[in-house]
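Heads up: the structure comes next, in structure tokens.
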Amino acid sequence: MATLLYRLGRGALRRRRLVVALWLVVLVVAGLAAATLRGPTASNFTMPGTESQRALDLLAEQFPAASGATGTITVKAPADGQLATPQGQAVVRELVQQASTLPGVVGAVDPFQVGAVTPNGRYALVQVQFATGGDEVTDDQRTAYEEVGAAAKAQGWQVAPGGEVLGGEPEIGSTEALGVLVAAIVLIITFGSLVAAGMTMLNALIGVGVGMAGLFALSGVIELTSTAPILALMLGLAVGIDYSLFITSRHRQNLLEGLSPEEAVGRAVGTAGSAVVFAGATVVIALAGLAVVNIPFLTVMGLAAAGTVTVAVLVAITLQPALLGFAGRRVLPRRLRSTVNAAAPGEPSDEETLPVEDRSGFGFRWARFVIRFRVPVILVSLLGLGLLALPTPDMRLALPDASTATVGSPARVASDLTTEGFGPGFTGRLAVVVAGDDAQATAAAVPQVAAMIQRTENVLAVAPPQLSPDGRTALLGVVPKTGPTDEATETLVHDVRDAVSGVKGAEVLLTGATAIGIDVSEKLSDALPIYLLLVVGLSVLLLMLVFRSLLVPLKAALGFLLTVAATFGITVAIFQQGHLADLVGLDSPAPLVSFLPILLIGILFGLAMDYEVFLVSRMREDFVHGDTAREATISGMGHGARVVTAAALIMMSVFGGFVFLEDPIIKSMGFALAIGVAIDAFVVRMTIVPAVMSLLGDHAWWLPRWLNRALPNVDIEGEGLREHLEEDRVPARV
Numbered sequence: 001m002a003t004l005l006y007r008l009g010r011g012a013l014r015r016r017r018l019v020v021a022l023w024l025v026v027l028v029v030a031g032l033a034a035a036t037l038r039g040p041t042a043s044n045f046t047m048p049g050t051e052s053q054r055a056l057d058l059l060a061e062q063f064p065a066a067s068g069a070t071g072t073i074t075v076k077a078p079a080d081g082q083l084a085t086p087q088g089q090a091v092v093r094e095l096v097q098q099a100s101t102l103p104g105v106v107g108a109v110d111p112f113q114v115g116a117v118t119p120n121g122r123y124a125l126v127q128v129q130f131a132t133g134g135d136e137v138t139d140d141q142r143t144a145y146e147e148v149g150a151a152a153k154a155q156g157w158q159v160a161p162g163g164e165v166l167g168g169e170p171e172i173g174s175t176e177a178l179g180v181l182v183a184a185i186v187l188i189i190t191f192g193s194l195v196a197a198g199m200t201m202l203n204a205l206i207g208v209g210v211g212m213a214g215l216f217a218l219s220g221v222i223e224l225t226s227t228a229p230i231l232a233l234m235l236g237l238a239v240g241i242d243y244s245l246f247i248t249s250r251h252r253q254n255l256l257e258g259l260s261p262e263e264a265v266g267r268a269v270g271t272a273g274s275a276v277v278f279a280g281a282t283v284v285i286a287l288a289g290l291a292v293v294n295i296p297f298l299t300v301m302g303l304a305a306a307g308t309v310t311v312a313v314l315v316a317i318t319l320q321p322a323l324l325g326f327a328g329r330r331v332l333p334r335r336l337r338s339t340v341n342a343a344a345p346g347e348p349s350d351e352e353t354l355p356v357e358d359r360s361g362f363g364f365r366w367a368r369f370v371i372r373f374r375v376p377v378i379l380v381s382l383l384g385l386g387l388l389a390l391p392t393p394d395m396r397l398a399l400p401d402a403s404t405a406t407v408g409s410p411a412r413v414a415s416d417l418t419t420e421g422f423g424p425g426f427t428g429r430l431a432v433v434v435a436g437d438d439a440q441a442t443a444a445a446v447p448q449v450a451a452m453i454q455r456t457e458n459v460l461a462v463a464p465p466q467l468s469p470d471g472r473t474a475l476l477g478v479v480p481k482t483g484p485t486d487e488a489t490e491t492l493v494h495d496v497r498d499a500v501s502g503v504k505g506a507e508v509l510l511t512g513a514t515a516i517g518i519d520v521s522e523k524l525s526d527a528l529p530i531y532l533l534l535v536v537g538l539s540v541l542l543l544m545l546v547f548r549s550l551l552v553p554l555k556a557a558l559g560f561l562l563t564v565a566a567t568f569g570i571t572v573a574i575f576q577q578g579h580l581a582d583l584v585g586l587d588s589p590a591p592l593v594s595f596l597p598i599l600l601i602g603i604l605f606g607l608a609m610d611y612e613v614f615l616v617s618r619m620r621e622d623f624v625h626g627d628t629a630r631e632a633t634i635s636g637m638g639h640g641a642r643v644v645t646a647a648a649l650i651m652m653s654v655f656g657g658f659v660f661l662e663d664p665i666i667k668s669m670g671f672a673l674a675i676g677v678a679i680d681a682f683v684v685r686m687t688i689v690p691a692v693m694s695l696l697g698d699h700a701w702w703l704p705r706w707l708n709r710a711l712p713n714v715d716i717e718g719e720g721l722r723e724h725l726e727e728d729r730v731p732a733r734v
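Here it is in structure tokens:
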């Protein structure tokens, strides 16, 4: 693979104008396709095969008028008892009339007719039924709904439209651009050259532009969840910058060794590019592997992010060499350009002014320190990660509800007002669908079902049934005493299903946004151990191919598990338990979003393998060329520490930029990824890995002969390329 990429890099540099032109054409075409073919994103998280989804499908088939999105308008009078007066009732009925005539609304329910008024006569709930699902409600319809009740507000009443219909797409603003700015600063400091930093950033931005445009172009035929494009943007930016950074760094090193720009870029793509391809492949495989858990919206999220990572890899090994060709030796700091200009292509300088390798840098000094105190370093690191992981067993999963929305947002205002007047259960009502073979069977089953549910612990009220026009299907509202993400509500869902399972003559199904969230969370929790086992097994196999070793892959897999456990622990402590929540701008601690753990495992796996490959591949390269295990470990850390540090800081900056978004889902994703990268890069890969490698010594590279013969040689460290260059009598070292 290294030889093939070497030729690709040289070819891209020779035909750099053509390569740049082709990528710009791809970017323009993808942009035009996105502008013309882009479809809406979905904010719901459905789960085919669950009881809640079967109930929704049944409603859509037999009772379509009740299958659309619902809204709840909470009304608060200026004083107690005002709803009991004729004037107060007139205000509410006018509001109901206004809501029922909104575009896209089937009808609104008068709270006085159904008893949705508090005993103190100050709060009322107006149920609004839309004709279509929440994702099909247009922006104009949603805006009109949010503005309902203007006349009542003018009279001093509080009117707060809420409900699932307010769910919308998270917006990308200027705050996450701070992460990109920090990444640019890190690149400038790392390279000491504006040309190198700007070229690396430009390369990554073109790649992410192509990837995101292609994703939006496909959104017209594939249903994307609202978080899928943001996840793709996160990863596309982070890996795009990192992959370009790795290749540019090796290219600069080759230039300093006296190689011509063409030869330097060829060898950079052949060696560092091989690691980029492998690292990108691990990320893509991990993300595409989300399809194994058979959860449609998660599969789409994984494939969307995998697509942008694939584009980032292709851009890094083709467009980056072309841009480096335009830059020439200007990718080096100004003070070093004259020294390499004095050297003939591929030969050392006659004046011997080329810089001698400096082994006094921080990476070399850190490696020597870690190796000297390897046992205490390992113990302290394990203890620290263990302490961080302590909250992990307390982790709870749920889909977010309005009570965790940003303070001051319409959804949060409505939720808080409803909780204030009626209690938390009214913000997460359940819906029970009763479907018989005929109207008589349904009519006979409904009283039984209502009585069984009313006797269930933690049920506050059961609303009167709504019947379909043919009488075959009935819909009952169930109000819990606790909120949507409360553990007691989760227990209630199971208790209700158990209670009505024995009803004869009709099918009884429990659904509603709360039940859907619980079903999705449980399905994801069940899939988590399977996916974790798949990822760990995959990491062992892939690293065995790369490093021709048994112990190195096992060490890498155990390090990955430490990273995941510690990351989960910190995220639970802040986002679920509320410790230091103000530091991340979190208004309301809540259970973690259901898909965060499984998504985090997939992404961190790929990124962890990135750092493992870039550090340990250099250790293996030096070991197989005669260095002792200790010397190889120091050399690998010394050469890789600066680049891996820069790469990790860039990843943390890009991911951390999304913490400033108001959406709690995106905020938690950005935080967990940023913290996970920090732990894996600085604690696991740059501290525990060299300590363990020095402890293992030569045994780290042991592999049974039969297994060595059976495994294909992927040549990640460029050994085949080295032999090819020696045959061609190219005198410089890769």
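Residues in the sequence shown are numbered consecutively from 1, following full-length UniProt numbering.
All residues carry an ideal CB built from backbone N, CA and C; glycine is no exception.
Since this is a predicted model, take the numbers as computed values, not measurements.
- In the displayed model, residue 373 falls within coil according to three-state DSSP, outside both helix and strand.
- If the five residues before and after residue 524 are omitted, its C-beta is found closer than 7 angstroms to the C-beta atoms of 295, 397, 594, 595, 598, all from its own chain and listed in chain order.
- Residue 643 has its alpha-carbon roughly 26 angstroms from the corresponding atom of residue 713.
- Closest in alpha carbon position to residue 437, among 16, 26, 29, 58, is 58.
- Considered as a whole, the UniProt domain "SSD" (194-326) harbours 194-218, 228-256, 261-288 as its complete alpha helix (DSSP H) runs of no fewer than 4 residues, in chain order.
- The straight-line gap separating the alpha-carbon atoms of residue 651 and residue 246 is approximately 13 angstroms.
- When the Cα atoms are used, residue 243 and residue 322 turn out to be separated by approximately 15 angstroms.
- Nearest to residue 178 by alpha-carbon distance, out of 655, 89, 708, 695, is 655.
- Residues of the same chain with a CB within less than 6 angstroms of the CB of residue 95, apart from the 5 flanking positions on each side, are 149, 152 in chain order.
- If you draw a 10 Å sphere on the C-beta of residue 193, you find 16 or more other C-beta atoms in it, and that means buried.
- Non-local C-beta neighbours of residue 508 in its own chain, meaning closer than 6 angstroms and more than five positions away in sequence, comprise 434, 449, 500, ordered along the chain.
- Residue 216 is positioned such that its CB atom lies closer than 8 angstroms to that of residue 38.
- For residue 428 against residue 514, the beta-carbon gap comes to about 4 angstroms, under 8 angstroms, which counts as contact.
- Between the region 152-167 and the region 63-79, the count of Cβ pairs shorter than 8 angstroms is three or higher; the stretches touch.
- Around the beta carbon of residue 530, fewer than 16 other beta carbons sit within 10 angstroms, so the residue counts as exposed.
- Contact annotation: residue 378 and residue 691 have beta-carbon atoms nearer than 8 angstroms.
- Beta-bridge pairing by DSSP links residue 556 to no other residue.
- Among the bridge pairs identified by DSSP, residue 507 is matched with 435.
- Under the DSSP definition of a beta bridge, residue 123 partners with 76.
- In the DSSP assignment, residue 410 falls within the alpha helix (DSSP H) that extends over 410-422.
- Taken in chain order, the unbroken stretches of beta strand (DSSP E) that lie wholly in the region 77-152 and span 3 residues or more are 105-109, 123-130.
- Closest in C-alpha terms to residue 584, from the list 110, 458, 662, 627, comes 662.
- With respect to residue 565, residue 540 sits apart: the two C-beta atoms are not nearer than 8 angstroms.
- The residue from 474, 629, 623, 489 with its alpha-carbon nearest to that of residue 55 is 474.
- One alpha carbon belongs to residue 160, the other to residue 90, and they sit about 18 angstroms apart.
- Membership of residue 462 in any alpha helix (DSSP H) is not indicated; the residue belongs instead to the beta strand (DSSP E) covering 459-462.
- Going by DSSP, residue 690 is part of no beta strand (DSSP E) but of the alpha helix (DSSP H) stretching over 689-696.
- With 16 or more other Cβ atoms inside 10 Å of its own Cβ, residue 480 counts as buried.
- In this structure, 213 is the residue among 108, 213, 107 with its C-alpha nearest to the C-alpha of residue 30.
- Around the beta carbon of residue 546, 16 or more other beta carbons sit within 10 angstroms, so the residue counts as buried.
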